[in-house]
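Only one structure is covered here, and it is reproduced in the block below.
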């Protein structure tokens, strides 16, 4: 995780979660030093925690697959997270075969469970490899599901507000 405050790099602060120690306690590494983190409460709007026996409260502002904005003790922060998550999802929806070429797979499949937030294409639309087909929300993160190949959308198997499971077909692109 990379942290920045008010859009400016916070002195190169580097943080990584360590192993869970049990009872809501974790070992974290911040700028190379091991620290003790204890999660007190997590809600849909924020988190309360102790870092080295000092109480902190964070309120979530927004979250995407690459970044989470929050206010921690009155200071706006941005957490860079899952930097390669979009690429991993794209690859696992058929975006690259073993040879990286995408293969001849017609079905664009979901690699995560989630709720369909939006559908960006219609049947008969022409798409290029990497175009957004739909957006899913999973664990309060929005993930763009991208076309795994150039082609024409033959059929769309999802609709807005529907839920999908891992492996469900989202659309057929031929």
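Numbering (the working numbering), first residue to last: 551 to 724.
Using N, Cα and C, we set each Cβ at its ideal position, and we do this for glycine too.
Rounded distance between the beta-carbons of residue j and residue i, thought under 8 Å
i           : j           : result
residue 698 : residue 655 : 7 Å
residue 539 : residue 659 : A query on residue 539 cannot be resolved here, the shown segment of the chain reaching from 551 to 724 and no further.
residue 669 : residue 684 : 5 Å
residue 657 : residue 710 : Wrong, their Cβ atoms sit about 20 Å apart, outside the cutoff.
residue 667 : residue 692 : 6 Å
Nearest to residue i (by Cα), restricted to the options the options
i           : options               : result
residue 588 : 575, 719, 618 and 625 : 575
residue 712 : 603, 596 and 688      : 688
residue 602 : 679, 579, 593 and 608 : 579
residue 573 : 678, 700 and 591      : 591
residue 528 : 595, 599, 606 and 605 : Nothing about residue 528 can be read from this structure; the chain reaches only from 551 to 724.
residue 675 : 622, 663, 705 and 608 : 705
residue 700 : 608, 622, 673 and 680 : 680
residue 673 : 667, 691, 663 and 707 : 707
residue 564 : 620, 581, 593 and 606 : 581
residue 717 : 663, 593, 585 and 623 : 663
residue 605 : 682, 690, 577 and 586 : 586
residue 600 : 622, 611 and 583      : 622
Residue i - partner residues in DSSP beta bridges
i           : result
residue 722 : 657 and 705
residue 690 : Looking at the DSSP assignment, residue 690 forms no beta bridge with any residue, so it has no partner.
residue 575 : 572 and 588
residue 606 : 599
residue 611 : Note: residue 611 sits in no beta bridge, so no partner.
Per-residue DSSP class, three states only, for residue i
i           : result
residue 663 : coil
residue 589 : strand
residue 646 : In this prediction, residue 646 scores a pLDDT of 49, lower than 50, which makes its location untrustworthy; the coordinate-derived value is nonetheless stated afterwards. Coil, per DSSP.
residue 676 : strand
residue 715 : coil
residue 566 : strand
residue 682 : strand
residue 626 : strand
residue 671 : coil
residue 583 : strand
residue 594 : coil
Outcome for residue i when other beta-carbon atoms lying within 10 angstroms are tallied against a minimum of 16
i           : result
residue 627 : buried
residue 694 : buried
residue 625 : exposed
residue 678 : exposed
residue 648 : Low confidence applies here, because residue 648 scores a pLDDT of 38, under 50, leaving its location unreliable; read the following figure in that light. It counts as exposed.
residue 571 : exposed
residue 690 : exposed
residue 608 : buried
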